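In my numbering, the protein residues as written are 5 to 542.
Notes follow once the structure below has been shown.
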């Protein structure tokens, strides 16, 4: 979601002993506290100092100075240091889950399962595999055309990475970039969402004492701090958030020729086929729609179910939705702004003929938005066209899988899609026709937690890649190193340009396929003669 939300006004009486209150380490001169209250009960949380936008350039300068020595640190040493974060993360599991519950409103169990345990796997994966992934790879060179030459490609760090992340998964999403970025030799300046600054501070605190000063720092604040970070001369911007903010960042970076990695919104669909395991499909779709109160770019926001099983599927989903316990299975929404967007989408859909089968809008101003299921006929409504980012599940009946695929692909978003069927061969054929960057069969939305699996999209879902070796294409740049061991006095193509060199060039073109068999034989004879002349300097 949007990292551009305005900072909240100052509040008094914040808890001074909040475990995630940031230390001075890794921060530039900061101003004011910008407070946040707990979503569920409006209780104040610890004050967090905002970073003065003018101080961001200092953070980036410190990061750039620290990055050179960090990149020169042996890779094994970097991996050993960062591997220690796993133990810290697991030891603080309850603290982290409690903070996420208070700051975001998500159930504690959900916080632990989504934002603590998968990150232990993340650290294991990257620290164990980074040496192999960063190994230089040889380049094959023709020994006749390029005698005495060997080449290899190495992956160098970008330099200073600006990381701007949202509030919906404020521990998991940053770590997915911080860990491989640091291992690759980059420095990182991290701007968490102003909605979840304490979670951002906690993430940075996991690395305390493990890294040289300046290698990982935090900039707390809103859009003004994010803009200052882009303007400060970083080498890469990694952004997760809304399409609107992503476009602005892309434009600002393009003007400065700064590469970007953008993971934006989603309008993910589930395609439920008539040969599915109906009970599993109903339960999986339910979780995919309502986990984290639907505040997930991979939330199921559209269900296309084949007509033959539509009534039974919808009946089961509605029954299961009624069993969800408010505050236990489904948490409250994190921000009033987002709850209002969800309310507007729901009202517009109902006005256009959608039927509410379970749930409905809460009382005005409440963040406890109940899981809501609708039967929808028309797609020309914001609920089907825009990212809703809330606990709303629209179900549409289609005639067949062909119609479901066509409707899924018609969206401007293309992040993930799930297929629910017992026919795996059929599912693989359908998956090849989907635009989505991630396709799952008989499951949904959890693969972002798999460190070896790429998380990426297309269209308005952006073009960044998180996780997997493919993420290193964003976090590093290829450098080609050629070593010439030739003892020849001169290369064939060096000066002077002579008639013999011209003959060689065109004879090589014919010999390498620019002529028929007889022409190639003739070209080889001509080439040998011309090479002899060239060696004599003619």
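The beta-carbon is built from N, C-alpha and C at its ideal position, and this holds for glycine as well.
Bear in mind that the values here come from a model prediction, so they are computed numbers and not experimental data.
- DSSP places residue 155 inside the beta strand (DSSP E), whose first and last residues are 153-161.
- Distance from the CA of residue 162 to the CA of residue 69, rounded to the nearest whole angstrom, comes to 14 Å.
- The Cβ atoms of residue 288 and residue 424 sit closer than 8 Å to each other.
- For residue 525, the enclosing alpha helix (DSSP H) covers residues 521-539.
- Taken in chain order, the complete alpha helix (DSSP H) segments of 4 residues or longer contained in the region 251-337 are 282-294 and 311-326.
- When C-alpha distances from residue 264 are compared across 274, 277, 278 and 249, the shortest belongs to 249.
- In the three-state reduction of the DSSP assignment, residue 425 falls in the coil class.
- Residue 228 carries a helical assignment under DSSP once its states are collapsed to helix, strand and coil.
- The Cβ-Cβ distance between residue 317 and residue 375 does not fall below 8 Å.
- The alpha carbon of residue 270 has as its nearest neighbour, out of 279, 292, 253 and 257, the alpha carbon of 292.
- Using a 10 angstroms sphere on the CB of residue 521, the tally of other CB atoms stays under 16, which defines it as exposed.
- Proximity to residue 76 across 58, 475, 186 and 488 peaks at 186, based on C-alpha coordinates.
- For residue 480, the enclosing beta strand (DSSP E) starts and ends at 480-488.
- For residue 182, the enclosing alpha helix (DSSP H) stretches over residues 176-187.
- Inter-residue distance for residue 296 and residue 396 is about 12 Å (C-alpha atoms, whole angstroms).
- Burial is judged here by how many other beta carbons sit within 10 angstroms of a residue's own beta carbon; residue 498 has fewer than 16 and is exposed.
- The region 308-326 and the region 396-414 touch, with no fewer than 3 CB-CB distances between them shorter than 8 Å.
- Annotation for residue 524: 514 and 515 place their beta carbon closer than 7 Å to its own, counting only its chain and skipping 5 residues before and after.
- A straight line joining the alpha-carbon of residue 275 with that of residue 422 spans about 6 Å.
- Here residue 459 carries a strand assignment [DSSP, helix/strand/coil].
- The distance from the Cβ of residue 241 to that of residue 222 is about 16 Å, inconsistent with a contact at the 8 Å cut-off.
- Residue 108 holds the alpha-carbon nearest to the alpha-carbon of residue 47 among 192, 93, 108 and 428.
- Our two residues, residue 502 and residue 146, have alpha carbons roughly 24 Å apart in a direct line.
- Sixteen is the threshold: when 16 or more other Cβ atoms of the shown chains lie within 10 Å of the Cβ of residue 207, as they do, the residue is buried.
- In the structure shown, the three-state DSSP call for residue 372 is coil.
- Residue 400 is bridged by DSSP to 308.
- For residue 238, the three-state secondary structure derived from DSSP is coil.
- Taking a C-beta distance under 8 Å as the contact criterion, residue 179 and residue 126 qualify as a contact pair.
- Judged by DSSP in its simplified three-state form, residue 200 adopts coil rather than helix or strand.
- Residue 486 sits away from residue 152, with the two beta carbons spaced by 8 Å or more.
- Checking the DSSP bridge columns, you'll see residue 420 partnered with 442.
- Within its own chain, the residues whose Cβ lies closer than 7 Å to the Cβ of residue 352, once the five positions on either side in sequence are excluded, are 385, 386 and 387, listed in chain order.
- Its chain contains 271 as the residues whose beta carbon lies nearer than 7 Å to that of residue 415, once the 5 sequence neighbours on both sides are disregarded; these appear in chain order.
- The distance from the Cβ of residue 123 to that of residue 93 is about 6 Å, consistent with a contact at the 8 Å cut-off.
- Considering only 111, 138 and 332, the residue with the shortest C-alpha distance to residue 483 is 138.
- The alpha carbon of residue 532 has as its nearest neighbour, out of 509, 413, 224 and 341, the alpha carbon of 509.
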